[in-house]
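There are 2 protein chains.
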Amino acid sequence: MKILLKIAYLGTAYCGYQVQPNGVTVQEKLNEAAKAVFGVDCDIVGCSRTDSGVHARGFCATVTKKGSASLETSVPAARIPRALNVRLPEDISVLEAREVADDFHPRYGVASKEYEYLFYNGAERDPFLIDRAWHIPRQLDAAAVAAMNEAAAAFVGRHDFSALRDGDPDEKDPVRHVLAASVTRSGDFISFRVRADGFLYHMVRVMAGTLLEVGRGKIPAKEISWRMSEKNRKLFGATAPAHGLYLDRVFYPAE
Amino acid sequence: MKILLKIAYLGTAYCGYQVQPNGVTVQEKLNEAAKAVFGVDCDIVGCSRTDSGVHARGFCATVTKKGSASLETSVPAARIPRALNVRLPEDISVLEAREVADDFHPRYGVASKEYEYLFYNGAERDPFLIDRAWHIPRQLDAAAVAAMNEAAAAFVGRHDFSALRDGDPDEKDPVRHVLAASVTRSGDFISFRVRADGFLYHMVRVMAGTLLEVGRGKIPAKEISWRMSEKNRKLFGATAPAHGLYLDRVFYPAE
Chain L
86 MKILLKIAYL GTAYCGYQVQ PNGVTVQEKL NEAAKAVFGV DCDIVGCSRT
136 DSGVHARGFC ATVTKKGSAS LETSVPAARI PRALNVRLPE DISVLEAREV
186 ADDFHPRYGV ASKEYEYLFY NGAERDPFLI DRAWHIPRQL DAAAVAAMNE
236 AAAAFVGRHD FSALRDGDPD EKDPVRHVLA ASVTRSGDFI SFRVRADGFL
286 YHMVRVMAGT LLEVGRGKIP AKEISWRMSE KNRKLFGATA PAHGLYLDRV
336 FYPAE
Chain V
86 MKILLKIAYL GTAYCGYQVQ PNGVTVQEKL NEAAKAVFGV DCDIVGCSRT
136 DSGVHARGFC ATVTKKGSAS LETSVPAARI PRALNVRLPE DISVLEAREV
186 ADDFHPRYGV ASKEYEYLFY NGAERDPFLI DRAWHIPRQL DAAAVAAMNE
236 AAAAFVGRHD FSALRDGDPD EKDPVRHVLA ASVTRSGDFI SFRVRADGFL
286 YHMVRVMAGT LLEVGRGKIP AKEISWRMSE KNRKLFGATA PAHGLYLDRV
336 FYPAE
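Just so you know, the protein sequences line up as chains L and V, in that order.
Residues 86 to 340 (the numbering used here) are what the first sequence spells out, left to right.
Residues 86 to 340 (the numbering used here) are what the second sequence spells out, left to right.
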């Protein structure tokens, strides 16, 4: 069998999800725990990379024996979260585990993913939100949040998102299908949620930085569509910091 | 004038509020920031001590020139929070500042204080709640929470709380007036709130540990009153860990 894990992690201490030469990653910690629980070296394949400092509430990853399409274990799926969690650092938690088909691929099989970008709009910083939300001390009023929501709506649809990403503009196909995008306020929090079939490098963070500029009146919401058609990164806002970003949910076709 | 500050802090990194020979305290950090902002050594007097690891959402403290009953400053009260916050570590935040009379005493003048003790009752640990709630993985059902709330109600009134504290039983007058105490569930959180005119050493944490035993059926809610009358610490639960405790609000007579 192949095991699909649903994982939450506080990204602050990690250089993102995926194993890399420098810095500790979430994948590395999962590898160590899986080896201890299943008694063999394992392959842990994640649903995506996440940047350093980005958090996850519902990251998905599969576990198989290293070099194999499956895993033999006597540990029932229902017991796997607890078994892994006692071997994982406190800032990573396996929430669920279930069996999936051997041909299930946690990254190529993704139908869509939903991210939340969290702004904290209280006047003074909140000690309980360090590394968990982007603090914007200056008040964004109801009209500003409405404009941000209008701008978010302009992201929805199948578009060329060349202008809303960082890195090499020729790296890969820049067309993505955004299924939903909205901005809502709840108390001192402003939440930007976006669901798409895939995301370019820094795409959610560039969207979040752009929405802040919309809220501040620097970019009119009505101009989002034509600015996107210009395919010019400079027409959009700064890349929002990683620590406000949460990979919230991953959807697979069967679900 | 004398300045009253309302402060929030994440207690994780601190050996409590009050300056002590070993370990960093919140008071020490406030002293450093106040000296930088007001240009003189200051006395910072807090509304209470808090244990190492305990958090605060509404701690109160006064600032005066060292050895004096007041402070001369050209900084308007409304600007003081921001001025202090840029000099404080991120896990301490001054939320408000206002002028009070020179004879105002932030500790002796307290009418009552309200604490919250937070239990996290999700099956698997939540990485975002490390050091912020006491994780109780085993589900406490509605009947258990109702029993906890019934037990909390038994704390209300003017009682001898000798049995609900740690440390020297002869230390001081053990009578306190609990004005309100309740237990409520919201999603996976169980919150114990208690307001009193004062608290003995570890009193809220012994109450919280006791309420957990009530929820687990080890201590019947109906026995709280007679157990209190026995004045025997052994008839109550273990001291709950510091990291679930929040000093929430401080009330002064004028308010």
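Ideal Cβ positions, reconstructed from N, Cα and C, are used throughout, including at glycine.
Just so it is clear, the structure is predicted and the values come from calculations on it, not from any experiment.
For residue j and residue i, the rounded distance between their alpha carbons
i, j, result
"L:Lys151", "L:Gly194", "20 Å"
"V:Asp136", "L:His328", "29 Å"
"V:His244", "V:Tyr200", "18 Å"
"V:Leu330", "V:Val139", "5 Å"
"L:Tyr205", "V:Pro305", "43 Å"
"V:Gln224", "V:Arg301", "10 Å"
"L:Ala232", "L:Arg210", "24 Å"
"L:Leu285", "L:Val148", "26 Å"
"L:Pro326", "V:Val179", "24 Å"
"V:Ile309", "V:Leu320", "9 Å"
"L:Gly322", "L:Phe277", "15 Å"
"V:Ser133", "V:Phe274", "26 Å"
"V:Ser197", "V:Val260", "14 Å"
"V:Met86", "V:Ala154", "8 Å"
"V:Ala98", "L:Pro106", "30 Å"
"V:Glu157", "V:Cys127", "11 Å"
"L:Val160", "L:Leu169", "11 Å"
"V:Thr324", "L:Lys120", "36 Å"
"L:Tyr102", "L:Arg318", "26 Å"
"V:Ala228", "V:Thr295", "16 Å"
"V:Phe336", "V:Gly283", "11 Å"
"V:Gly124", "L:Ala218", "33 Å"
"V:Leu89", "L:Gly96", "36 Å"
"L:Asn234", "V:Leu203", "34 Å"
"V:Gly108", "V:Ala141", "18 Å"
"V:Glu298", "V:His220", "14 Å"
"V:Asp216", "L:Trp311", "47 Å"
"V:Arg270", "L:Ala293", "33 Å"
"L:Lys316", "L:Phe246", "7 Å"
"V:Asp258", "L:Pro166", "48 Å"
"V:Gly272", "V:Asp253", "38 Å"
"L:Tyr94", "V:Asn116", "35 Å"
"L:Val241", "L:Lys303", "21 Å"
"L:Ile177", "L:Cys100", "13 Å"
"L:Asp226", "V:Glu181", "21 Å"
"L:Asp187", "V:Lys307", "55 Å"
"V:His287", "V:Leu214", "22 Å"
"V:Val185", "L:Arg334", "49 Å"
Cross-strand partners of residue i (DSSP beta bridge)
i, result
"L:Gly131", "L:Ala146"
"L:Leu285", "Beta-bridge pairing links L:Leu285 to no other residue."
"V:Lys58", "Limits of chain V in this structure are 86 at one end and 340 at the other, which puts residue 58 of chain V out of reach."
"V:Ile275", "V:Phe204, V:Arg270"
"V:Ala141", "V:Tyr94, V:Leu332"
"V:Lys198", "V:Ala281, V:Val335"
"V:Trp311", "In the DSSP output, where bridge partners are listed per residue, V:Trp311 has none listed."
"V:His190", "DSSP output for V:His190 lists no bridge partner at all."
First through last residue of the alpha helix (DSSP H) which encompasses residue i
i, result
"L:Leu115", "111 to 123"
"L:Leu90", "First-last for L:Leu90: 87 to 94, but that is the beta strand (DSSP E), not the alpha helix (DSSP H)."
"L:Asn170", "165 to 170"
Limits of the unbroken beta strand (DSSP E) element including residue i
i, result
"L:Ser267", "260 to 271"
"L:Glu181", "177 to 185"
"L:Arg334", "330 to 336"
"V:Arg243", "242 to 245"
Test item: CB-CB of residue i and residue j under 8 Å
i, j, result
"V:Ile92", "V:Ala146", "yes"
"L:Leu332", "L:Phe189", "no"
"L:Met313", "L:Ala265", "no"
"L:Glu113", "L:Val122", "no"
"V:Val230", "V:Val268", "yes"
"V:Ala208", "V:Pro222", "yes"
"L:Val263", "L:Ala281", "yes"
"V:Val130", "V:Pro191", "yes"
"L:Asp251", "L:Val291", "yes"
"L:Pro212", "V:Glu175", "yes"
"L:Ile172", "L:Ala118", "In the sequence under discussion, the amino acid at residue 172 of chain L is Arg, which differs from the Ile named in the question. For L:Arg172 and L:Ala118, yes; Cβs fall inside 8 Å."
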